[in-house]
Amino acid sequence: MSQSLRVIFAGTPDFAAASLRALLASQHSVVGVYTQPDRAAGRGRKLTASPVKVLAQSHDLPVHQPESLRTPEAQAQLASLDADLMVVVAYGLILPREILDTPRRGCINVHASLLPRWRGAAPIQRAIEAGDSESGVTLMQMDEGLDTGDMLLTRRTPIEADTTGGSLHDTLAELGGEALIETLDALAGPGLTAQPQPDDGVTYAAKLSKAEAELDFREPTATLAARIRAFNPWPVAWCALGDERLRLWLAEPGAPRATRRTPRRHPARARRRRAAHRLWRWRAARDPGATARRQAPGRRRTIAGPGRPLHRRHTTRNT
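Quick note on full-length UniProt numbering: the sequence shown kicks off at 1 and runs consecutively.
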């Protein structure tokens, strides 16, 4: 059985809380929790604790909420926890070199993508928006770059036709917790061999903004459908419908609906019929008796078409 590690956990949102929950259920010891300071939220702008803080306090864990980790005071406080390892999951603060070097085994990160694809702030949504067929989590040894550290473990999951940003978030949160414990157990036992990230296939997941949620229907339907799913539940894709703003939560591209058609007719014949009808109306206006003659049995009908001379087609005459 592998030994227990002394772990500092750093994270803020629900995605990070899933990893902390898995860590608390493992053999490893959480010696301190770092999370963002309480922020104003909701219509009342009331100071609200992060999901990680709420979970940590429910387990009587010491919680630290520095505005920055660059100050000597914050760095001394973290060093006093005497940790083997620091786990970082969607924390929201940059870790300077002094922090990265403090734990005996350094710092590892749970990242919600298959690195090196989708480094950056919004890997879950960007994977769906781009039409990727799969996503996953990567455990990496942290360095000073933006998600550039050596990879320790990767776990994959498919992106289905109905996958949304919210559903993939929840799937990867649980997968990340499982992969974290697998990684910690391996580091505490036989160890893991870290692999450098390949140079090919690097993409960056830019932070989401409300401005990009407006749909442009000149884009392909598959692109729009993917964006709608990616931006569910935030920032929520929308389009204008008259004076209203229509929010879209789910969409599926498909073949254009068949136009309702009458039985197949030859276009040229249809044009000639229309031209003949126009010609008849003109004649009827000049010659009121034309109606009677037109309806007389056995009369020949005059058919015309655009750009072609009049010609006659014979019908059966009564004899």
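For glycine and all other residues, C-beta sits at the position ideal for the given N, C-alpha and C. Keep in mind that this is a model prediction, so the values were computed, not measured.
Through-space distance from residue j to residue i, alpha-carbon basis
{"i": "arginine 105", "j": "leucine 85", "result": "5 Å"}
{"i": "glycine 245", "j": "leucine 215", "result": "Sequence check: residue 245 is arginine here, not glycine. Distance between the alpha carbons of arginine 245 and leucine 215 is about 11 Å."}
{"i": "proline 96", "j": "serine 68", "result": "10 Å"}
{"i": "residue 321", "j": "alanine 225", "result": "There is simply no residue 321 to check, as the chain begins at 1 and stops at 319 in what is shown."}
{"i": "leucine 115", "j": "proline 196", "result": "10 Å"}
{"i": "glycine 176", "j": "glutamine 75", "result": "27 Å"}
{"i": "alanine 22", "j": "glutamate 178", "result": "7 Å"}
{"i": "valine 33", "j": "glutamate 219", "result": "45 Å"}
{"i": "arginine 39", "j": "leucine 47", "result": "5 Å"}
{"i": "alanine 41", "j": "proline 13", "result": "13 Å"}
{"i": "threonine 183", "j": "cysteine 239", "result": "44 Å"}
{"i": "glutamine 141", "j": "alanine 211", "result": "34 Å"}
{"i": "threonine 221", "j": "aspartate 162", "result": "15 Å"}
{"i": "alanine 188", "j": "isoleucine 181", "result": "10 Å"}
{"i": "alanine 121", "j": "arginine 271", "result": "59 Å"}
Burial state of residue i (16 or more Cβ within 10 Å)
{"i": "proline 253", "result": "exposed"}
{"i": "glutamate 144", "result": "exposed"}
{"i": "residue 326", "result": "With the chain running from 1 to 319 in the structure shown, residue 326 is simply not present."}
{"i": "alanine 292", "result": "For alanine 292, the predicted model reports a pLDDT of 48, less than 50, meaning its position is unreliable and no value from the coordinates is stated."}
{"i": "threonine 193", "result": "exposed"}
{"i": "glycine 131", "result": "exposed"}
Cβ-based neighbour list, residue i, same chain, cut-off 6 Å, excluding 5 preceding and 5 following
{"i": "glutamine 295", "result": "Model confidence at glutamine 295 stands at a pLDDT of 49, short of 50, so the residue's coordinates are unreliable and nothing is read from them."}
{"i": "leucine 55", "result": "Ala17, Leu20"}
{"i": "leucine 172", "result": "Ala112, Val137"}
Chain-order list of residues whose beta-carbon lies under 7 Å from that of residue i (same chain, five-residue window excluded)
{"i": "arginine 6", "result": "Ser29, Val31, Asp82, Ala83, Asp84"}
{"i": "threonine 138", "result": "His111, Ser113, Leu114, Leu115, Met151, Thr154"}
Three-way DSSP call (helix, strand, coil) for residue i in this model
{"i": "glycine 307", "result": "For glycine 307, the predicted structure reports a pLDDT of 45, less than 50, and the residue's modelled location is therefore unreliable. A value from the coordinates is still provided. In this structure, glycine 307 counts as coil in the three-state DSSP scheme."}
{"i": "glycine 120", "result": "strand"}
{"i": "glutamate 214", "result": "strand"}
{"i": "glycine 165", "result": "helix"}
{"i": "arginine 70", "result": "coil"}
{"i": "glutamine 3", "result": "coil"}
{"i": "glutamine 197", "result": "coil"}
{"i": "glutamate 244", "result": "strand"}
{"i": "alanine 188", "result": "helix"}
{"i": "alanine 130", "result": "coil"}
{"i": "alanine 268", "result": "helix"}
Same chain, Cβ closer than 8 Å to residue i, neighbours up to 5 away in sequence not counted
{"i": "glutamine 57", "result": "Ala49, Val63"}
{"i": "valine 236", "result": "Ala213, Arg247, Leu248, Trp249"}
{"i": "leucine 61", "result": "Val30, Gly32, Val33"}
{"i": "glutamine 65", "result": "Tyr34, Thr35, Gln36, Pro37, Asp38, Lys53"}
{"i": "valine 202", "result": "Pro116, Arg117, Arg119"}
Identity of the residues DSSP links to residue i by a beta bridge
{"i": "valine 31", "result": "The partner list for valine 31 (beta bridge, DSSP) is empty, contrary to what the question assumes."}
{"i": "lysine 46", "result": "Ala41"}
{"i": "valine 87", "result": "Phe9, Ile108"}
{"i": "glycine 136", "result": "Arg156"}
{"i": "valine 63", "result": "Val33"}
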